[in-house]
Amino acid sequence: MGKRQASVKFKIGQRYAKMIEEGDGQKVFFEMIEQINTNKPERDLVSKNLRQSVWKDIYEAADRHNKPGKFIAFIGWEWSSIPLGQNLHRIVFMPQGKDVAKQFLPFSAIDSDVESDFWAWLDKTSKSTGADFVAIPHNGNISNGIMFPMTDRAGNPVSAAYAKTRIRWEPVIETTQIKGDSETHSWVSPDDKFADFETYEHLIKMDDSDTGDIDKARVGSYTRSGLKRGLEFEQKLGVNPFKYGMIGSTDAHTGFSSAEENNFWGKFSLDSIPDNKQDKELAPKVYGWDMSASGLAAVWAEENTRESITRAFKRREVYATTGPGIGLRFFAGWDFQAKDERANKLAAVGYRKGVPMGGDLTQPPSGKSPSFLIHAVKDPRHANLDRVQIVKGWVASDGNAKEKVYNIAWSGKRKLNAKGELPAVGNTVDLKTGLYRNSIGATQISKVWIDPDFNKDQRAFYYVRVLQIPTPRNSTYDAIALDINPEKTGKAITIQERAYSSPVWYTPGK
160 MGKRQASVKF KIGQRYAKMI EEGDGQKVFF EMIEQINTNK PERDLVSKNL
210 RQSVWKDIYE AADRHNKPGK FIAFIGWEWS SIPLGQNLHR IVFMPQGKDV
260 AKQFLPFSAI DSDVESDFWA WLDKTSKSTG ADFVAIPHNG NISNGIMFPM
310 TDRAGNPVSA AYAKTRIRWE PVIETTQIKG DSETHSWVSP DDKFADFETY
360 EHLIKMDDSD TGDIDKARVG SYTRSGLKRG LEFEQKLGVN PFKYGMIGST
410 DAHTGFSSAE ENNFWGKFSL DSIPDNKQDK ELAPKVYGWD MSASGLAAVW
460 AEENTRESIT RAFKRREVYA TTGPGIGLRF FAGWDFQAKD ERANKLAAVG
510 YRKGVPMGGD LTQPPSGKSP SFLIHAVKDP RHANLDRVQI VKGWVASDGN
560 AKEKVYNIAW SGKRKLNAKG ELPAVGNTVD LKTGLYRNSI GATQISKVWI
610 DPDFNKDQRA FYYVRVLQIP TPRNSTYDAI ALDINPEKTG KAITIQERAY
660 SSPVWYTPGK
């Protein structure tokens, strides 16, 4: 094949090409972000011919590199809705190939930045082409409260029709990534001592304009509060609009999807080296050390194919990690016993006696509480495990959702106090070298746990959170390389990496 010759036909393209040649590529990116923020794109950049050309390159590249059983390349794109800098991005993919993809042009935020319009397009296009779309919302933590809203974008209360449409297309949500962790926040989970993890609160804006009451906005920005709000809606509407499984991702713009703290290449090329992370702005008041070396999406699929992986996403049998390759199994049922946690074929027991992460529990046998089978295994190249927790949310008699975090299994000989709190595992990090020792923690943890507070009349969800022992944050590794005090980065010196399972839901009367 001959080399494709670049041809810049439009004035805006010529200006951007010159800026990139002069080293101002970041300014080009920010200018385009501002166009999406305000929904005022340069017309020449969104012409049908240009979009078709780029889309053709994408779907042909995906099909060319897709090798079932070895390497899976999905055809997909990002619906980049960011009204006034409030993140509503969705990643869209499908199991079909270019024979289906060439029948449509992807729906973009330029077409509409309103979710209902996006879902309507997915429905229409799926019916006309056979495309089996999966849409994944991401970075809820910087949505300014509108990722899990009480109303639609027109200001109408969330309805049953809205809820059914949303969960049809969006089975999974991204809960951790490079722009911070979206599991929860201490403002919405004040009793959770591990709530404030990799917090990032900058909207995708190119200015410093006021964003209102960010504390109140957090309720609609974090996955755990969204799951709770979903239970409340289900109580009223009979359907849950926020019935999400959880994954992690990286979201880098470097071409390097690095989620390792000691090998982190940053968000952009500008912050790919330690020297630039301290004083080079990536956006107003945003610097390289604000970025988190996260995360990964884990999928329990029958085989390594587009179709099998897509089915796993649709049934929510997926989980998130903040970077390490932690192995996690989570099953729920009514008959798990302590001996099951020692089974040689634990997963087989889990599927036979219960439902996996992402599933639903039905009405309990008389007098029984739900039992859960959990197996967590450390990444063999990474740190040992500190503990396994179950996060429960439920709807109380007043119609409001509550939450509780249970420490259910842990390493060492520590004991819970009267409040159910567990002493810290310890810390082996050497801040002179960035090394740590796996002399504490466990390589794997298995546990059968029964909910001691179960009420058969209260709808609920349960998910697993696994914590590692403390390890250095990416900014700490940079500080050591730069020979400065890690405290000067303004970030946590050590962190406890983690994994989040998708929830299991219990619904009374089913």
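Numbered per this note's numbering, the sequence shown spans residues 160 to 669. Glycine residues also receive a C-beta, built at the ideal position from the N, C-alpha and C atoms.
Pairing R618 with Q262 gives a Cβ-Cβ distance that is not under 8 Å. By a beta-carbon distance limit of 8 Å, V607 contacts L532. Their separation comes to about 6 Å.
In the DSSP assignment, H361 falls outside any alpha helix (DSSP H), carrying neither H nor E. By the neighbour-count criterion, in which 16 or more other beta carbons inside 10 Å mark a residue as buried, T592 falls on the exposed side. Here G509 has R488, F490, P515 and L532 as same chain residues with Cβ atoms under 7 Å from its own Cβ, once five neighbours each way along the sequence are excluded.
Annotated three-state conformation of Y381 is coil, per DSSP. In the structure shown, the three-state DSSP call for W346 is coil.
For the options S287, S275, F427 and N644, the alpha carbon positioned closest to that of K323 is the one of S275. Taking a contact as a CB-CB distance under 8 Å, the pair L264 and R210 counts as one, their CB atoms being some 6 Å apart.
Here N399 carries a coil assignment [DSSP, helix/strand/coil].
About 22 Å separates the CB atoms of S380 and A418; that is not less than 8 Å, and the two are not in contact. Residue pairing by DSSP places Q627 opposite L544 in a beta bridge. If you draw a 10 Å sphere on the C-beta of F415, you find fewer than 16 other C-beta atoms in it, and that means exposed.
Under the three-state reduction of DSSP, F189 is assigned to helix. The beta carbon of G517 sits closer than 6 Å to those of G404, R474, R475, E476 and S661, all from its chain and outside the five residues before and after it, given in chain order. For S212, the uninterrupted alpha helix (DSSP H) run begins and ends at K207 to H224, by DSSP. Annotated three-state conformation of A506 is helix, per DSSP. Cβ-Cβ distances below 7 Å link Q496 to V607 in the same chain, with the five nearest sequence neighbours on each side left out; the list follows chain order. The alpha-carbon of R249 is positioned some 35 Å away from that of S556.
For the 8 Å CB-CB criterion, T587 and S605 do not form a contact. DSSP places N566 in the uninterrupted beta strand (DSSP E) bounded by A560 to W569.
When C-alpha distances from T284 are compared across H297, G299, F266 and V273, the shortest belongs to F266.
The beta strand (DSSP E) runs lying completely inside the segment 220-308 and spanning 3 residues or more are 234-238, 249-253 and 293-296, given in chain order.
Secondary-structure assignment with DSSP links V584 through no beta bridge to anything. Counting only runs of at least 3 residues, the segment 464-504 fully encloses the following beta strand (DSSP E) elements, listed from N- to C-terminal order: 477-480 and 486-492. Under DSSP, I609 takes part in a beta bridge, and its partners are S530. For M178, the enclosing alpha helix (DSSP H) covers residues K170 to E180. Spanning the alpha carbons of I337 and A354 requires a straight line of approximately 17 Å.
Contact between E342 and T382 holds, with the beta-carbon distance rounding to 6 Å and staying under 8 Å. For G447 against G425, the beta-carbon gap comes to about 6 Å, under 8 Å, which counts as contact.
Residue pairing from DSSP places W664 in a beta bridge opposite D519 and F620.
Burial of R465 is indicated by the presence of at least 16 other C-beta atoms within 10 angstroms of its C-beta. Listed as beta-bridge partners of A535 by DSSP are L487 and I604. Cβ-Cβ separation between P483 and E656: approximately 5 Å, consistent with a contact (criterion under 8 Å).
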